[in-house]
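Visitor: Starting off with a structure, shown below.
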Amino acid sequence: MITMQITPELLDQHNLTPDEYDRIKQLLGREPSFTELGVFSVMWSEHCSYKSSRIHLKNLPTEADCLVQGPGENAGIVDIGDGWCVAFKIESHNHPSFIEPYQGAATGVGGILRDIFTMGARPVAAMNSLRFGPIRDEDIKDEKSSEIVNRNRHILAGVVKGIGDYGNAFGVPTIGGEVYFADEYSLNPLVNAFALGLVRREQIFYGKAEGVGNHVIYVGAKTGRDGIHGATMASAEFDEAALEKRPTVQVGDPFYEKLLLEACLEAMRAGAIVGIQDMGAAGLTSSSCEMGARAGTGIEINLDLVPQRETGMTAYEMMLSESQERMLIVAARGHDRQVAEIFHKWDLDAVTIGQVTNNQRLRVVHHGEVVADIPNAALTDEAPKYNRPQSDYPTATEDMTAKVEAGLQKLASEVGEENACNEALLRLLAAPNIASKQWVYRQYDHMVRTNTVVLPGSDAAVIRVKETRRALAMSLDCNGRYCYLSPKEGARLAVAESARNVVCSGAKPLAITNCLNFPSPERPEIMRSFVETLEGMGEVCRALGTPVTGGNVSFYNETEGKGIYPTPTIGMLGLIEHQRHITTQWFKREGDVILLLGTTQNDFGGSELLALFGEVAGAIPQLDLQAELAVQNTCLAAIQAGLICSAHDCSEGGLAVALAESCFSHDARPAIGASVNFNSSLIPHRSSLFSESPSRIIVSVKPDNVAAVQALAAQHNASCSVIGEVGGEDLRITMEGEGCIQHSVRLLENDWRKALSRSLDR
Amino acid sequence: MKFGVVVFPGSNCDHDTYHVISKVIGQPVDFIWHKQESIEGFDAVILPGGFSYGDYLRSGAIARFSPVMQAIKRFASDGGLVLGICNGFQILCESGLLPGALLRNRDQKFICEHVNVRVEHTETPFTSAYSADQVLRVPIAHGDGNYFCDDATLRELESNQQILFRYSDAKGEISESANPNGSLNNIAGVCNRERNVLGLMPHPERAAEDVLGSHDGLAMFHSMTVALREKLKSK
């Protein structure tokens, strides 16, 4: 074995502490070789080992009747009936996307797609949750604003193009997600990629190296020097030298991935495969030791046989390369040739590089020498776990009602008393967080595979399952501002909102995947915010009966000491029992009656209205779980009874924004107006129109069905009030008969629809 | 009667096209692997959308060298029906079965959305079930859909009535604002002189069921079925 002087500098370069190094020596019973040091450094990186989060993650609920596979595999799997299962997962690619937006985002999509089809599932839907710094000059208070804004636009454009080019060519529809803006994401954009696939229950595959003596086959693209130490890079904060790390970002090839998908599914169907795993972060290293660890076996590989794109690669480089579009397969005994034939048909390499052993070790040979020989457990279960110190995270408690009232008053002095609410609504609709995301999703093929039955723009994305009468709803949600002001409450609200969104589309919430984006866990207050987030998330998941099926933790999202908001993105999956239950947010026809489920309080802390007046502060809404469940159950029961024409969750910008969005045009009809009146018992102040109280849904129903919906609400103990009627060309909102908002829907929509392109197409 | 859907490496609308033919219009259909040198037994061939060979070099530029393309050329010259959708259209242009080329979209971005197209001529095996000047609502999804050809070719296309679809507004008016990608004369689809080869950028297979928001593409597959039935009857 090649030995090398291991110095403190070398350890530092590998992000390993002296204590961790002592532990490595103890586990091996000797000094590691240089290759082994590299292998430990990636497997023990935060990204691969979850060393700061593991002890806390185990408190999340991970059980439910529908669950087939929980956390720990490449993706979670739930049963949706009729023999069909859904594999789904979300994963971050934040660090690479800051360094190189296009390739960073593209390979994020590539990685999550492989996680899905490695389970045997054909990917049928993708979404993404994106966060960037401000893209309008007026949103930055800094003398260098135009420079920052230009960089943010560049990052956004690159990320969107990267996601589009990869998903479009691969042939998976990108059907939804979210895009948010805040200064905290200027130097730390977040790119969380979600994918979902369908698989027959009996055709699920796992990342297990079963069957001692079975051959280990390398398939897909050749190994190059790209992405070496990607996982380590993703486990450290950035400094001004971050852009010098470009070589650690991988380069994606969606065409290759498409071939890999078809070849893998074909080989699986042919019965030629025992186990399979994607070579993602830490490439050949993680796939070989994790497959062995899951099966209680070992894997021995010979690097001389690995297909290589470059000459003279060392064992260290090959083990740590993160070249994309590669998989490791354990073939069924005697099926090597069949695997090779199937991959050659798709013009792909398939080379036997080793075999399954019974010694529970990862053994690597290069040029006839053993360059690594490590117990699997040392790289997986025995990796360090830290219970990092915590200290108080300050939670905001101030009531912001007076602040927004003062803001509206100031606006009134500029535009006239009668125009204040109109103007606030117009500005909110053009605010990047609320404005139409058409500029983004128009660049994604959101219709390929012909299952997209709700086009992007409604509360949840919906695809039909062609083989059944069912459909799947999915939604990605997190309000970073809320989580910043109160991590626990913010997480509770995120889970509740994601469930509400799928309910609005006609689905029963089934399970979640999560992507936990945080700053450095080595800061005690951040660690506390992480723990509180999990408490809040776990509580609401338990109440909803939606287990956590997996996901990803991304720490160290900070640059030059400035961190992101805690951003726990929730990916909720919902099941629509019958395609006739599919519901959208858009009002359907003149004369329908508008009802509000739920009640409105003065919730302005962290609201869009408060942000419009220049502040991110205050006590955020408190989720009342009973009220939330009552509203969701009423809405779903009414949809399933065929009583509901449209349903829309009330979130950022409150009732006024939600009502406007329900009026906007979409593919099946032009813009339509609505007349709404609120009693003072429902809405105490004009500012309440913009309050962001949770647990509210706006529904429209045919006049004949109003009583039936009210009866259902009473039965579920939900508040339900008739507030208006669909029709006309204007959105008219009065309070106790007094005019508050009156504006042409067409003009409101124009501002909302064009706002992003105004900032981005210049 | 049997339809064939060609599978190039990188085709990704092959399953969707197969689904429409087998499940929606209920006709026999099979996939044709691009390495096949013969397409005997097929009565109509569809080149589906996607990114054949990753669209590297140029959209459709590599796929035209696939072995199956020689067979398709012979099939077309014998009068067989060939339909190219999106990437299929690009491949037909690259292989010389249709005139012109598809350039990068005017705004340099991939565009996925529903658009309106006007049916220009109905005396073809692909459009007989439409009415003249009918406006269809169909999706596009492409980065290279900006149709271009030289003046002489354009004159020929116009005078031979080979332009079968143009981007229009909802009322059928042809205007620059209704042109999503910068195509010459708003061209969305053209056929050859003999009218048995059609290429178009919009996706009729994505507009063949009401649950997807439009069934305006369905009549194209019905038209082909009628044409094939008549052809088989006369044999």
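Chains as they are written, first to last, in my numbering: chain Y, 33 to 794; chain R, 9 to 243.
For each residue, glycine too, the CB sits at the ideal point set by N, CA and C.
Output the distance between the C-alpha atoms of residue 72 of chain Y and residue 239 of chain Y, rounded to the nearest integer angstrom.
Guide: Distance between the alpha carbons of residue 72 of chain Y and residue 239 of chain Y: 20 angstroms.
Visitor: Note down the Cα distance separating residue 425 of chain Y from residue 78 of chain Y, rounded to an integer number of angstroms.
Guide: Going by the C-alpha atoms only, they are around 22 angstroms apart.
Visitor: May I have the straight-line CA-CA distance separating residue 160 of chain Y from residue 140 of chain Y, to the nearest angstrom?
Guide: Roughly 10 angstroms separates the two Cα atoms.
Visitor: Taking only three categories from DSSP, how would you classify residue 205 of chain Y?
Guide: If DSSP states are grouped into helix, strand and coil, residue 205 of chain Y belongs with coil.
Visitor: Suppose you measure from the CA of residue 127 of chain R to the CA of residue 133 of chain R; what does that come to, to the nearest Å?
Guide: Spanning the two alpha carbons is a distance of roughly 13 angstroms.
Visitor: Beta carbons nearer than 8 angstroms to chain R: which residues of the region 469 to 499 of chain Y have them?
Guide: Answer in chain order: 473, 474, 475, 476, 477, 478, 479, 480, 481, 482, 484, 485, 487, 496, 498.
Visitor: Note down the Cα distance separating residue 523 of chain Y from residue 511 of chain Y, rounded to an integer number of angstroms.
Guide: Taking the straight line joining both Cα atoms gives about 9 angstroms.
Visitor: In the region 68 to 109 of chain Y, which residue ranges form an unbroken alpha helix (DSSP H) of at least 4 residues, counting only runs that do not cross its ends?
Guide: If we require 4 residues or more, the alpha helix (DSSP H) runs fully inside the region 68 to 109 of chain Y come out as 78 to 81, 86 to 89.
Visitor: Any idea what DSSP makes of residue 332 of chain Y, helix, strand or coil?
Guide: Strand at residue 332 of chain Y.
Visitor: How would you write the range of the beta strand (DSSP E) that residue 576 of chain Y sits in, first residue to last?
Guide: Not the beta strand (DSSP E): residue 576 of chain Y falls in the alpha helix (DSSP H), residues 556 to 576.
Visitor: Can we say the region 217 to 225 of chain R touches the region 138 to 147 of chain R, given the rule of at least three CB pairs closer than 8 angstroms?
Guide: Yes: at least three Cβ pairs fall under 8 angstroms.
Visitor: Pick helix, strand or coil for residue 714 of chain Y, following the three-state DSSP scheme.
Guide: In the structure shown, residue 714 of chain Y sits in coil (DSSP, three-state: anything other than H, G, I, E or B).
Visitor: Between the C-alpha atoms of residue 65 of chain Y and residue 403 of chain Y, what's the straight-line distance to the nearest angstrom?
Guide: Residue 65 of chain Y and residue 403 of chain Y: Cα-Cα distance of roughly 7 angstroms.
Visitor: Strictly below 9 angstroms CB to CB, what residues from chain R border residue 196 of chain Y?
Guide: Going along chain R in sequence order, the residues near residue 196 of chain Y (Cβ under 9 angstroms) are 117, 118, 120, 151.
Visitor: How big is the Cα-Cα spacing for residue 468 of chain Y and residue 184 of chain Y?
Guide: Cα-Cα distance, rounded: 18 angstroms.
Visitor: Anything in the region 361 to 380 of chain Y with a Cβ closer than 9 angstroms to a Cβ of chain R? List those residues in chain order, please.
Guide: Within the region 361 to 380 of chain Y, the qualifying residues are 377, 378, 379.
Visitor: I'd like the list of long-range same chain contacts for residue 99 of chain R, defined as Cβ closer than 7 angstroms, with 5 residues on each side in sequence excluded.
Guide: 55, 60, 68, 71, 72, 92.
Visitor: Around the Cβ of residue 23 of chain R, are there at least 16 other Cβ atoms within 10 angstroms (buried) or fewer (exposed)?
Guide: That one is buried.
Visitor: Kindly indicate the opening and closing residues of the beta strand (DSSP E) around residue 767 of chain Y.
Guide: 762 to 767 is the span of the beta strand (DSSP E), which, as asked, contains residue 767 of chain Y.
Visitor: Any chance the region 529 to 540 of chain Y sits against the region 594 to 605 of chain Y, with 3 or more Cβ pairs inside 8 angstroms?
Guide: Touching, per the Cβ criterion.
Visitor: With a threshold of 8 angstroms between beta carbons, is residue 316 of chain Y in contact with chain R?
Guide: By this cut-off, residue 316 of chain Y is not an interface position.
Visitor: From residue 774 of chain Y to residue 458 of chain Y, what does the alpha carbon distance come to, in whole angstroms?
Guide: One C-alpha to the other measures close to 11 angstroms.
Visitor: Within the same chain, show all residues whose beta-carbon is closer than 8 angstroms to that of residue 17 of chain R, passing over the 5 residues directly before and after it, in chain order.
Guide: Once the five neighbours on either side are set aside, the close Cβ partners of residue 17 of chain R are 42, 60, 61.
Visitor: Can you tell me whether residue 683 of chain Y is buried or exposed? The criterion is at least 16 other CB atoms within 10 Å of its CB, across all chains shown.
Guide: Label assigned to residue 683 of chain Y: buried.
Visitor: Less than 8 angstroms between the beta carbons of residue 359 of chain Y and residue 252 of chain Y, yes or no?
Guide: In contact: residue 359 of chain Y and residue 252 of chain Y (Cβ atoms closer than 8 angstroms).
Visitor: Could you give the residue range of the alpha helix (DSSP H) that holds residue 374 of chain Y?
Guide: It spans 368 to 377 - the alpha helix (DSSP H) in which residue 374 of chain Y sits, taken as one unbroken run.
Visitor: Applying the 10 Å Cβ sphere with the 16-neighbour rule, what's the burial state of residue 74 of chain R?
Guide: So residue 74 of chain R ends up on the buried side.
Visitor: Would you check if there are 3 or more beta carbon pairs closer than 8 angstroms linking the region 106 to 116 of chain R to the region 73 to 87 of chain R?
Guide: No, the region 106 to 116 of chain R is not in contact with the region 73 to 87 of chain R.
Visitor: Quick one, which of Y/657, Y/410, Y/701, Y/709 has its alpha-carbon nearest residue 626 of chain Y's?
Guide: Here the closest residue by C-alpha is Y/709.
Visitor: Taking the runs of the beta strand (DSSP E) that are 3 residues or longer, which of them lie wholly in the region 673 to 742 of chain Y?
Guide: 678 to 681, 706 to 710, 729 to 733, all fully within the region 673 to 742 of chain Y.
Visitor: For residue 45 of chain Y, would you say it is in contact with chain R, using Cβ-to-Cβ distances shorter than 8 angstroms as the test?
Guide: No, because no Cβ of chain R sits closer than 8 angstroms to the Cβ of residue 45 of chain Y.
Visitor: Pull out every residue of the region 24 to 47 of chain R whose Cβ sits closer than 7 angstroms to any Cβ of chain Y, in chain order.
Guide: Those would be 24, 27, in chain order.
Visitor: For the region 51 to 81 of chain R, enumerate the residues whose C-beta is nearer than 8 angstroms to any C-beta of chain Y, in chain order.
Guide: Residues passing the 8 angstroms Cβ filter: 57, 58, 59, 61, 62, 63, 64.
Visitor: Spell out whether any CB of chain Y is found under 8 angstroms from the CB atom of residue 114 of chain R.
Guide: Not one chain Y Cβ lies under 8 angstroms of residue 114 of chain R.
Visitor: If you draw a straight line from the alpha carbon of residue 536 of chain Y to that of residue 579 of chain Y, how long is it in whole angstroms?
Guide: Going by the C-alpha atoms only, they are around 20 angstroms apart.
Visitor: Output, in chain order, the set of chain R residues within a Cβ distance shorter than 7 angstroms of residue 699 of chain Y.
Guide: Result: 122, 221.
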